[in-house]
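Trainee: Quick one: the structure is below, questions incoming.
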Amino acid sequence: METTSDISVSASGLKIADELNILKKEDINEYTNVIIKNTKYLSNTIDIFSEYISGNSKEENINIQYFLNQTLNFEEANLKNHNIKLLEIRN
71 METTSDISVS ASGLKIADEL NILKKEDINE YTNVIIKNTK YLSNTIDIFS
121 EYISGNSKEE NINIQYFLNQ TLNFEEANLK NHNIKLLEIR N
């Protein structure tokens, strides 16, 4: 996952577009959405590891489908950039 890279690229893109006076409202929304999405993911990851390290983690049942969907949603742009298409397989 390239979260820090995505955040840096988005922030740099905003700055350059502003300096070149070509910054559009749509660009601001797009770039800030990427930044917000990635910072939330990083924050959640830090929280999970903090709980694990402190020994406060507890055993619980999870919905693996939920976490897989979250991961795929997070990586959607990265997959598109590498021309990767995911296929849904149904029984």
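Positions in the sequence shown are counted from 1; adding 70 to them yields this note's numbering.
Even glycine gets a Cβ: it sits at the ideal position worked out from N, Cα and C.
Only a predicted model underlies this, so the values are computations on that prediction, with no experimental measurement involved.
(1) Find out if the Cβ-Cβ distance for the pair I77, N108 is shorter than 8 Å.
(2) Between which two residues does the alpha helix (DSSP H) carrying L112 extend?
(3) Could you pull out every residue in the same chain whose Cβ sits closer than 8 Å to the Cβ of A81, ignoring the five residues on either side in sequence?
(4) Got a sec, what are the start and stop residues for the alpha helix (DSSP H) S146 sits in?
(5) Is the beta carbon of L142 less than 8 Å from the beta carbon of L156?
Mentor: Quick answer:
(1) yes
(2) 95-124
(3) Y101, I105
(4) The sequence given here has Glu at residue 146, not Ser. Run containing E146: 134-151, per the alpha helix (DSSP H) assignment.
(5) yes
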